[in-house]
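Enquirer: So the sequence shown is residues 1 to 207, counted in full-length UniProt numbering.
The beta carbon of each residue, even a glycine, is placed where N, CA and C say it ideally should be.
Dumping the structure here so I can ask a few things about it.
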Amino acid sequence: MGKFIVIEGIDRSGKSTLARNIAIDLQNRGKSVILTHEPTSYFDSGLDILSKLKREDYMILLAMFIRDRIEHNKYILKSMTEDDFVICDRYSLSSLAYQGVFLKEHFKDQDQFYRWIENVLSISHIEPDLTIFIDFNGKSFRQGNGEKRELEIFEENEYLKDVYNIYTEAIKRGIFFNQGRIIGGNGSKEEMLNEAIKEILQIFHIQ
């Protein structure tokens, strides 16, 4: 049975690049790897509905993501029987964090919210063999006129800051992070890959 690895992190954290680079590294080590992501192309079939949704239609959006994941799980499970690794860019933690920004304000306290959303998302959750969270503090470097300029992403996007805070709180509570590792997200893509691969080689006993 193949191993299921999930890469999580906020937008601009480099998670998609990391997922691709991990896949390439493992393939170079002779492993068969499937690289997938969420939302899937199946989710695109609901874009007509999505375009009509309003901000307050958060429950419909959450249901669409769960529906997409249920279909995606069929592909993941099939791939795990045929390949050494399935690497997924975003999974249950992503839904919790991104939809949670709008959902949490409707609960009387944090404990109630996190219990509820964990229960709801559990119906479409396959437990990963490893979840890697990129702990990106919102700072990146944008190239311009040959000079590097530090950009504070959280100052530009309060929504991403809220998403990050929910991610980290869920991880502290151990929600969808039973087999989890946190890696730094402010280094180069090579540094991030090296840190992730080190964890993967150790956990799965790869020479």
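1) Can you check the region 99-136 for any alpha helix (DSSP H) of at least 4 residues that lies completely inside it and give the ranges in chain order?
2) Would you mind stating whether isoleucine 203 and aspartate 25 have Cβ atoms separated by less than 8 Å?
3) Cysteine 88 and glutamate 158 - do their beta-carbons sit closer together than 8 Å?
4) Are the Cβ atoms of leucine 130 and isoleucine 10 separated by less than 8 Å?
5) Could you please give the first and the last residue of the uninterrupted beta strand (DSSP E) stretch that includes lysine 3?
6) Quick check on arginine 29: does DSSP put it in helix, strand or coil?
7) Measuring straight from C-alpha to C-alpha, what distance separates methionine 64 and leucine 103?
8) Around the C-beta of methionine 1, are 16 or more other C-beta atoms found within 10 angstroms, so that it is buried, or is it exposed?
Expert: Quick answer:
1) At a cut-off of 4 residues, the continuous stretches assigned as alpha helix (DSSP H) that sit fully inside the region 99-136 are 110-122.
2) Taking 8 Å as the cut-off, the Cβ atoms of isoleucine 203 and aspartate 25 do not count as close.
3) Going by C-beta atoms, glutamate 158 is not nearer than 8 Å to cysteine 88.
4) In this structure, leucine 130 keeps its C-beta atom at 8 Å or more from the C-beta atom of isoleucine 10.
5) For lysine 3, the enclosing beta strand (DSSP E) stretches over residues 3-8.
6) If DSSP states are grouped into helix, strand and coil, arginine 29 belongs with coil.
7) Whole-angstrom Cα-Cα distance: 15 Å.
8) Residue burial annotation: methionine 1 is exposed, with fewer than 16 other C-beta atoms found within 10 angstroms of its C-beta.
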